[in-house]
Amino acid sequence: MSTTLVVLIVLALGAAGYVLGRGRALREVNGDQRRLHSLPSYYGTNVAMKTVVPAMLLMGIWLLAQPLIVETSVRGDLQDEAERQNRSVSLMMSDVRRVANGLDVAVSQGVMTRERASNMRTEFTDVRERLGQAGVALGSDVTSAVLRAAQRYRAISGRADLLRTGVVLALALAGLAFGLRNSTAGYRARNVVESGIKILLILAACIAILTTIGIVLSLVFNTIEFFRLYPASEFFFSTTWSPSFGGGSELGIIPLLWGTLYISVIALIVAVPIGLFAAIYLSEYASKRTRAIAKPAIEILAGIPTIVYGLFALLTIGPLLLRVFGDQTVGWMDAGTAVMTAGLAMGIMLIPFVSSLSDDIINAVPQSMRDGSYGLGATQSETIRQVILPAALPGIVGAILLAASRAIGETMIVVLGAGAAARLSLNPFEAMTTVTAKIVSQLTGDSDFRSAEALVAFALGMTLFVVTLALNVAALYIVRKYREQYE
Amino acid sequence: MTDATASAAPDAAPRRGKSIVTQDTNTRKRNAAEKRFQTYGMIAIGIGVFFLVALTWSILRSGLPAFTETAVTVEFNLSQEQFDEAESQVLKTAAYEGFFVRALQAQLNEEGAGDVQVEEDAVGRIMGNVGSQIREFYRANQDQLGQEVSFTVPASSRVDRYLNGALSREDLTNSRFLEPEDLDIVDRLVDSGVMANAFDWTFITGTDSGVDNPGGAGIGASVIGSFFMMFVVLVLALPIGVAASIYLEEFAPQNKFTDLIEVNISNLAAVPSIVFGILGLAVFIQFAHLPQSAPLVGGLVLTLMTLPTIIISTRASLKSVPPSIRAAALGVGASQMQAVFHHVLPLAAPGILTGTIIGLAQALGETAPLLLIGMVGFVARQYPDGLASGLLDPNSAMPAQIYTWAARADPAFYEKAWGGIIVLLVFLLFMNALAIFLRRKFERRW
Amino acid sequence: MYDADQNRTENRVGQADIKIAAKNVQVYYGETHAIKDVSVDIEDRLVTAFIGPSGCGKSTFLRCLNRMNDTIPICRVEGDIHIDNEDIYDKRVDPVQLRAKVGMVFQKPNPFPKSIYDNVAYGPKIHGLAKNKSELDDIVERALRRGAIWDEVKDRLDAPGTGLSGGQQQRLCIARAVATEPEVLLMDEPCSALDPIATSQVEELIDELKQNYSVVIVTHSMQQAARVSQKTAFFHLGNLVEYDETEKIFTNPQDSRTESYITGRIG
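Chains as they are written, first to last, in the UniProt record's numbering: chain W, 1 to 487; chain F, 1 to 446; chain Y, 1 to 267.
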């Protein structure tokens, strides 16, 4: 039975539970709802909730856990075979999964009977060809061990599916019965429903924690896997980045960090003065009308997706810089993609970010500070430079840290504008590459997910995550302390 | 106060009687500094606005041509005999190309431009592979044989780019795709009105084409892909985000656990989007074995990415509902849950909606995570047929499609990428305008 | 009382020396008419108090005297205000120079988030009053002594000004205002945020200051006005009701509204 059908049945049971629960409570008081503890609808909801929620939760957890359990049991069988063939188990496991999926497709399309799929032997059938007929392309020939494992995989999965359907439906029915039994006049249905809803609300709030855990786990496990294949010291200290999927890659992060840093610094050099001065002008000088026009105009820049800035860098800024600094003039630049190109585009992207954060921070400086300074005969610019900016400094530092974290994590602009060559150079008109750009290129290639060349992306991601997290935490801490000071 | 009396005696008399009407040099200097400082501010604003204008200009200039195509309209009359003859030949499309060239020549003669001699090679370069298009039409509609049919055939993308100024004769000197002499023919075709600019519906409704056919590429399928992703985001992020916000704002006790959630949310809001892509790849594709390139996976990733934004704005709107409303509801005996769901939530709804739309707009333009879950390697060549296939079958999304075009070697695709950006920005503009409208209409000041 | 042609006599013996002369001053906040036709002459080297119920316009009027109202966009001032016979709303007047001459102390102590030294040195620095560091040191010390806070802070001039107690902060702000060597010192309810002990310290200080400055103080407290001022102006609903010797206002007011306020019936 398909998952969708099970879900529909559970939902239908829930709907029935609502009607039955409501009816039962009303019958007990002969239709006089004043004698019930709660409104009739709460009795219905109570039963429906008890029917649907536990069953669905169980199913969700089961669906996540089942592949893991099935894999561990199949993996055990593959251990010897893998050692004999000198291949990693996880690599063979992905073959097994692909074959098993292929068999499923073949059966569902009617290319193969169910029995044939379970009994087929590599000695007698070219499995790859047969699956090819069903539209499932396999990269290599199927060994007998893999085929047997795949068949076992399917068998266990099939049994687990059946068991799941049974258990879920049984749980739903049990919930229905339990809920109905409780639907008596004195039952505090509303309180029960409300605590149930509250639990759901808490679960929703926990998604944030789960997301963080998910990010950390997916980064950590794959990074550990990577360091098993590639020494960590090389990764952190090697100054060469030259992945080659045939083997013998050098995967040093330093050139990537250098590129990231260089581009971010250029972006900040563009964005911070412009953003800060724009914020100062808008909050201290601009007339109401200027503010009404200029503020949204600058904020529009913030609403533009980064892919647009990427394209702008690649197709407008790059060629423009090439014309100014290219071979025809000073010859500093060979191609449109360069650190400068990406840095400028990123700087433009960050202007509204810096300016709106600084605007908030400058406005948080109390008016009494300004009064104090004007009262001493300071001009407006003296007040801003010597009183407001020093007072707002922690907040502005926080804003710059946030902007830096944005710049370091930005992907599309560097993918399109910075180039692909990992280089340690000082020339801002040379192409360099960044951590984010390499995450993309290592994971979008056709390489095997289990190779060091692909797994390095997770180690890069881990580095990126740690760096940006540290910047964010520091920035949020500084900004919060700053705000508390004036509250 | 002993020091006050002690200090009063040795005081020098303050500078007195200085006029305030005449400016001293120091003040003049300071005022000049003031002017300078103000000018810096104006320059900064100017630069910001300039960038916006430059961006808009370069998008419009490069992107608008993507919406038009240059096409040749030819009156065509193919008899049954001609059709049979062509079908019996080995090079069938070449025969049709011959018919086309003859019809084109006839058309030119009719328009009074008979001095232009068109030949098959040149037409092949200018128009691309017309033969197969005509053949397909007649094979599908044999009842049209012997009748007058008007054919509109798009010219090659290079002709397009030549006509809108993106390509000059000099660029073509070494091109094997188009020769400078062909351009003379093109000029005459345009002069005589046989070749004209028309709105390119394929771009809006079509699907992506192969790398060799930039003219036929359209963004339609990826718009649908984006639509399905937004559907997933809306269905998941709105209820979860609102539920989480209600808990945090209305019910959560002040303790370590609540703090943990809040810190998590504010940090997630600043995690680079590419990290969410890694999460999607590792959890949804490698771990949960959901299909690659599926809008469902894209939607899930974008949901996780958008949730913090929605939670933050929803909490702000819940917070703006004054406590007196809650007190009033509790005062008539409503439970806390009822007070929230019957009174606070409806009052906060416009704000929540605005925040959600802005979150969706952000998600719509997001590209980086989609690269990692495989929505870029895939070429969107077909429309989904139904909800399930829309969610689970491989598709692209608008920003991913734009990236795909921008990454292709043929510069003719750049125009498509810019055009795609216009489409994307139109959607974003619409969503933001809707958000502003809702805010204006329902904004309430307590 | 006011006569434009009257020359300031160099020896002030026996004759009141007019420092600020305001005539027919009107102030509007957008549509609101906040100050209605106020004329007042403020004398040099004594303390003038502005009293009146909240919202009567006394602070608004005070802020006109050094053009602090310029920083509020919707505020409009009409009429003449002369300091030393110069119109402060004249087009040629730079409010910056005016404010150097007419210092101000605010209701809430507002030290800058800088060190105590830098707080006091700020004014002299921007106005270029010191040639070198040692001169600046002298100015700062003198100002802090005049602010009656030197003994309390001389060992920690580098400590942040915001770390002082409320009364100390307010005296620091007075020292900061004095450091620019103004001729007039405007005080907008300088003691309203202070405890009684700090208040009495500041009041003593005000009494000292009148030797060198013309001090104008806005206060809520009639006792304070009686204690520190020599002349008192009573404002009510934007009007200047009565202006006279402090003693006379408190013992023998001419206007019934003044009497009601003094005896606690309005306010």
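Where is the CB? At the ideal position from N, CA and C, for every residue including glycine.
Following the continuous alpha helix (DSSP H) through residue i, name the residue where it begins and the one where it ends.
i	result
residue 31 (chain F)	25 to 63
residue 46 (chain W)	40 to 85
residue 309 (chain F)	295 to 319
residue 123 (chain F)	120 to 127
residue 231 (chain Y)	Looking at the DSSP string, residue 231 (chain Y) is not in any alpha helix (DSSP H); the run it does join, the beta strand (DSSP E), is 231 to 236.
residue 177 (chain Y)	166 to 179
residue 165 (chain F)	No alpha helix (DSSP H) contains residue 165 (chain F), which DSSP labels as neither H nor E.
Beta-carbon of residue i versus every beta-carbon of chain Y: anything under 8 Å?
i	result
residue 489 (chain F)	Outside the modelled stretch of chain F, which goes from 1 to 446, sits residue 489 (chain F), for which no answer is possible.
residue 479 (chain W)	no
residue 8 (chain F)	For residue 8 (chain F), the predicted model reports a pLDDT of 39, less than 50, meaning its position is unreliable and no value from the coordinates is stated.
Taking Cβ-Cβ distances shorter than 9 Å, what residues in chain F pair up with residue i?
i	result
residue 127 (chain Y)	26, 27, 30
residue 190 (chain W)	335, 337, 338
residue 105 (chain W)	Within 9 Å Cβ-Cβ: nothing; residue 105 (chain W) doesn't reach chain F, min ~12 Å.
residue 83 (chain Y)	20
residue 465 (chain W)	271, 272, 275, 278
Under 8 Å, Cβ to Cβ, is there at least one residue of chain F near residue i?
i	result
residue 251 (chain W)	no
residue 19 (chain Y)	no
residue 311 (chain W)	yes
residue 92 (chain Y)	yes
residue 2 (chain W)	no
residue 272 (chain W)	no
residue 363 (chain W)	no
residue 88 (chain Y)	yes
Starting from residue i, follow the beta strand (DSSP E) in both directions and report where the run begins and ends.
i	result
residue 259 (chain Y)	Careful: residue 259 (chain Y) lies outside any beta strand (DSSP E), inside the alpha helix (DSSP H) at 256 to 262.
residue 150 (chain F)	148 to 154
residue 121 (chain W)	Unbroken run through residue 121 (chain W): none, as it is neither H nor E.
residue 196 (chain F)	195 to 199
residue 340 (chain W)	Run containing residue 340 (chain W): none in the beta strand (DSSP E); it sits in the alpha helix (DSSP H), 339 to 364.
residue 131 (chain Y)	No beta strand (DSSP E) contains residue 131 (chain Y), which DSSP labels as neither H nor E.
residue 210 (chain Y)	Careful: residue 210 (chain Y) lies outside any beta strand (DSSP E) and carries neither H nor E.
CB residue i to CB residue j, shorter than 8 Å?
i	j	result
residue 359 (chain W)	residue 283 (chain W)	yes
residue 261 (chain F)	residue 208 (chain W)	yes
residue 218 (chain W)	residue 55 (chain F)	no
residue 155 (chain F)	residue 72 (chain F)	yes
residue 449 (chain W)	residue 286 (chain F)	yes
residue 317 (chain W)	residue 335 (chain W)	no
residue 406 (chain F)	residue 311 (chain W)	yes
residue 61 (chain Y)	residue 35 (chain Y)	yes
residue 56 (chain Y)	residue 264 (chain Y)	no
residue 418 (chain W)	residue 263 (chain W)	yes
residue 25 (chain W)	residue 13 (chain W)	no
Which bits of chain W does residue i rub up against, with CB to CB less than 7 Å?
i	result
residue 349 (chain F)	In chain order: nothing, as chain W lies at least about 17 Å away.
residue 421 (chain F)	308, 311
Counting only C-beta atoms, is residue i closer than 8 Å to chain W at any point?
i	result
residue 113 (chain Y)	yes
residue 177 (chain Y)	yes
Along chain W, which residues have their Cβ under 8 Å away from the Cβ of residue i?
i	result
residue 108 (chain Y)	368
If the cut is a Cβ gap below 9 Å, which residues of chain W does residue i touch?
i	result
residue 289 (chain F)	67, 97, 101
So which residues of chain F does residue i contact, with C-beta pairs closer than 8 Å?
i	result
residue 101 (chain Y)	18, 20
residue 96 (chain Y)	27, 30, 31
Report the neighbours of residue i on chain Y: residues whose CB is nearer than 7 Å to its CB, in chain order.
i	result
residue 386 (chain W)	122
residue 379 (chain W)	96
Listing by chain order, which chain Y residues have their CB less than 8 Å from the CB of residue i?
i	result
residue 391 (chain W)	112, 113
Kindly confirm or deny that the stretch 261 to 274 of chain W and the stretch 400 to 417 of chain W touch, where touching means at least three C-beta pairs closer than 8 Å.
-> yes
Check whether the stretch 464 to 471 of chain W touches the stretch 378 to 387 of chain W, counting contact only when three or more Cβ pairs, one atom from each stretch, lie closer than 8 Å.
-> no
Just checking, does the stretch 112 to 127 of chain Y make contact with the stretch 185 to 192 of chain Y on the three C-beta pairs under 8 Å criterion?
-> no
Specify whether the stretch 452 to 460 of chain W and the stretch 224 to 231 of chain W touch according to this definition: at least 3 beta carbon pairs, one from each stretch, less than 8 Å apart.
-> yes
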